[in-house]
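Student: Supplied in structure tokens, the structure appears directly below.
Number of protein chains: 2
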Amino acid sequence: MLPNPYDHIPSSALRPISGAVGDTVFHQGDPTHGLYVVQTGRVHLERVGPDGERFIIHRAQAGTSFAEASVFSEVYHCDAVIVEAGALIRIDKAFVLAAFADPAFARAYGRQAAQQIQAQRQMLEIVGIRRAEDRVMAGLIAGLLEGSIVEFAARLQLSHEATYRALRKLVQDGRVMNPSRGIYHLHP
Amino acid sequence: MLPNPYDHIPSSALRPISGAVGDTVFHQGDPTHGLYVVQTGRVHLERVGPDGERFIIHRAQAGTSFAEASVFSEVYHCDAVIVEAGALIRIDKAFVLAAFADPAFARAYGRQAAQQIQAQRQMLEIVGIRRAEDRVMAGLIAGLLEGSIVEFAARLQLSHEATYRALRKLVQDGRVMNPSRGIYHLHP
DNA sequence: GGCAACATATGATTGAAATCATATTACGAT
DNA sequence: ATCGTAATATGATTTCAATCATATGTTGCC
């Protein structure tokens, strides 16, 4: 149910929270209570610029956690705004900090964090590729095409049209197989 | 000297390694020995596609570590190629795993990892912004402009020309201050 | 001081991806 | 069965960032 490491956290530390669209879970500058796991719905983390301009620093999907770093800081550094109604769970920071004394939790946390860092680095490299064709190819090699082409395109930060065109080109050049409509993959 | 958490690792676990350009530190599929810290030089992590096409999943700079996730896996999932001669330190995985039993190490690791994840998420959001002007503004709000505009542009995955133009536009629109040549910042 | 190298800056041109438009196909609901 | 919605697919047009070109300012070096 919860992402891996937090299985080690006692259920007394889990605070269920429900929110409607537009609700702010916490504000920039608020004292930190802990991190959050999104069960359903979507949450945006926004930083507010000096002139009140908001920009999104993260979009948290159902099944993911956010504000993990708040466990180690005194105040939140952004706003958390609910953009799709749903249910959250807050995990109190004191419990997480205490859990680090348990080597099993610590290793589970370390593993999960290291893998996430690696995956994000790869994403940064991929979205840094300018040519749509190269980016799509890199995305395929990285195994990012699970589900629809539309989702794949969104992950690659490309329009789906550009993604379709790149895929067609790659198929024409024999670098990608297209055994049937909507199915694309590398050779063997 | 070393990034924060690894201060807790005994020096007997630190293996100095020197390499010349083109040397491969490890290959995809090799059994893992541990993670690496780049003291000087640069290292590319490359994944090899099915048709032998290589694509870079990370560029490790001096002062950063790489292959952290190898501590938790049996084999390396990419090649590490030295692209600029320098010195590395390998930290044996067994010592890192053992160190997780020390809550101080575990928390230091957790803090560092959580902050890195947050920073990378923010970078992913920023480089996902299409309009150069908006991207530059987001970069300014995020405090990414330290050092030269050229470095700033590289971080934003923009050409420096586009970055200069966006900065000029932002100054013209009164959103950014340009007190002197080469100096740009937000209002107060 | 003069030179080399680089950062800053901006104009002109080009190219590639976004956008707009339009079919076709697939799939679930009624 | 047919209606509606979303994914797949591709063509036409537009936009905007990359690229090329060029100039000035700044810094360190001999």
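Protein chains in written order, with the numbering used here: chain A, 18 to 205; chain B, 18 to 205. Note that CB positions come from ideal geometry on N, CA and C, so glycine has one too.
1. Give the C-beta separation of Y181(A) and V193(A) to the nearest angstrom, bearing in mind that I take them to be a contact with Cβ-Cβ under 8 Å.
2. Determine whether the Cβ of L19(A) lies closer than 8 Å to any Cβ atom of chain B.
3. Nearest by alpha-carbon distance to S82(B): which of E163(A), R147(A), I134(A), R172(A) is it?
4. What three-state label does DSSP hand T57(B) in the structure shown?
5. For the segment 84–126 of chain A, list the alpha helix (DSSP H) runs that are entirely contained and at least 4 residues long, ordered along the chain.
6. Go ahead and pull the three-state DSSP assignment for L162(B).
7. By DSSP's criteria, A77(B) is part of a beta bridge. Which residues make up the other side?
8. Keeping to the same chain, check which residues put their C-beta closer than 7 Å to that of L19(B); ignore five residues upstream and five downstream.
9. Within 8 Å of any Cβ in chain A, is that where the Cβ of L194(B) sits?
10. Quick one, which of V42(A), L187(A), R198(A), L184(A) has its alpha-carbon nearest A104(A)'s?
11. Within the same chain, show all residues whose beta-carbon is closer than 8 Å to that of L184(B), passing over the 5 residues directly before and after it, in chain order.
12. What is the residue span of the alpha helix (DSSP H) that L187(A) lies within?
13. Between F117(B) and R124(A), is the Cβ-Cβ spacing less than 8 Å?
14. Below 8 Å between beta carbons: does that hold for V144(A) and Q189(A)?
15. Are the CB atoms of L62(A) and A97(A) within a distance shorter than 8 Å?
16. For A179(B), collect the residues of the same chain with a Cβ closer than 7 Å to its Cβ; drop the 5 residues on either side in sequence, then sort them by chain order.
17. Which bits of chain A does A123(B) rub up against, with CB to CB less than 7 Å?
18. What residues in the segment 32–47 of chain A bring their beta carbon closer than 8 Å to a beta carbon of chain B?
19. Going by C-alpha distance, which of A30(B), V60(B), R76(B), T49(B) is nearest Q137(A)?
20. On the criterion of 16 or more Cβ atoms from any shown chain inside 10 Å, does G80(A) qualify as buried, or is it exposed?
21. For L141(B), go through chain A and note every residue whose CB falls closer than 8 Å to its CB, in chain order.
22. Report the rounded CA-to-CA distance for A52(A) versus A84(A), giving the unit in angstroms.
23. I'd like the span of the beta strand (DSSP E) that includes G17(A), first residue to last.
24. Can you tell me the Cα-Cα spacing of L161(B) and S197(A), whole angstroms?
25. Output, in chain order, the set of chain B residues within a Cβ distance shorter than 7 Å of Y126(A).
26. Is L157(A) helix, strand or coil by DSSP?
Tutor: Reading it off the structure:
1. Here residue 181(A) is taken as the residue at index 164 of the first sequence, counted from 1. Here residue 193(A) is taken as the residue at index 176 of the first sequence, counted from 1. That pair is no contact at about 12 Å.
2. Walking along the first sequence from the start, residue 19(A) turns up at place 2. Any reading at L19(A) is ruled out, since the residue's pLDDT is 43, under 50, leaving its predicted position unreliable.
3. For the purposes of this step, residue 82(B) is taken as the residue at position 65 of the second sequence. Measuring from the Cα of S82(B), the nearest candidate turns out to be I134(A).
4. The residue labelled residue 57(B) in the question sits at position 40 within the second sequence. Reduced to three states, the DSSP call for T57(B) is coil.
5. 110–116
6. Mapped onto the second sequence, residue 162(B) falls at position 145. L162(B): coil per DSSP, three-state reduction.
7. Locating residue 77(B) in the second sequence gives position 60, counting from the first residue. BP columns for A77(B) point to V60(B).
8. Numbered from its first residue, the second sequence carries residue 19(B) at position 2. A caution first: L19(B) carries a pLDDT of 44, below 50, which makes its placement in the model unreliable, though a value can still be read off. Once the five neighbours on either side are set aside, the close Cβ partners of L19(B) are V54.
9. Position 177 of the second sequence, counting from 1, holds the residue named residue 194(B). It is Met, not Leu, that sits at residue 194(B) in the sequence shown. Not one chain A Cβ lies under 8 Å of M194(B).
10. Numbered from its first residue, the first sequence carries residue 104(A) at position 87. If we check each option's Cα against that of A104(A), V42(A) comes out closest.
11. Stepping through the second sequence from its first residue, residue 184(B) is reached at position 167. Around L184(B): V153, I166, V193, N195, Y201.
12. As a working note, residue 187(A) is residue 170 in the first sequence. Start and end: 177–189.
13. As a first step, residue 117(B) must be located in the second sequence, where it is residue number 100. As a first step, residue 124(A) must be located in the first sequence, where it is residue number 107. Cβ atoms of F117(B) and R124(A): closer than 8 Å.
14. Counting from 1 along the first sequence, the entry for residue 144(A) is found at position 127. Counting from 1 along the first sequence, the entry for residue 189(A) is found at position 172. Cβ atoms of V144(A) and Q189(A): not closer than 8 Å.
15. What you label residue 97(A) is simply residue 80 of the first sequence in a count that begins at 1. What you label residue 62(A) is simply residue 45 of the first sequence in a count that begins at 1. Contact flag set, yes.
16. Along the second sequence, one-based indexing puts residue 179(B) at 162. A149, listed in sequence order.
17. As a first step, residue 123(B) must be located in the second sequence, where it is residue number 106. Per Cβ cutoff of 7 Å: F117, A123.
18. none
19. Your numbering for residue 137(A) matches position 120 in the first sequence. Nearest of A30(B), V60(B), R76(B), T49(B) to Q137(A), Cα basis: R76(B).
20. In the first sequence, counting from the first residue as 1, residue 80(A) sits at position 63. Exposed, because fewer than 16 other Cβ atoms sit within 10 Å of the Cβ of G80(A).
21. Counting from one through the second sequence, the residue named residue 141(B) turns up at place 124. Residues of chain A passing the Cβ test: Q137, M140, L141, V144.
22. Position 35 of the first sequence, counted from the start, is the residue given in the question as residue 52(A). Position 67 of the first sequence, counted from the start, is the residue given in the question as residue 84(A). In the sequence as presented, Ala is not what sits at residue 52(A); that position holds Leu. Near 5 Å, if we compare the C-alpha coordinates of A84(A) and L52(A).
23. In this structure chain A extends from 18 to 205, so residue 17(A) is not present and cannot be described.
24. The count along the second sequence starts at 1 and reaches residue 161(B) at position 144. The count along the first sequence starts at 1 and reaches residue 197(A) at position 180. C-alpha separation (whole angstroms): 45 Å.
25. Working through the first sequence from its first residue, we reach residue 126(A) at position 109. Per Cβ cutoff of 7 Å: G127.
26. In the first sequence, residue 157(A) corresponds to position 140, counting from 1. If DSSP states are grouped into helix, strand and coil, L157(A) belongs with the helices.
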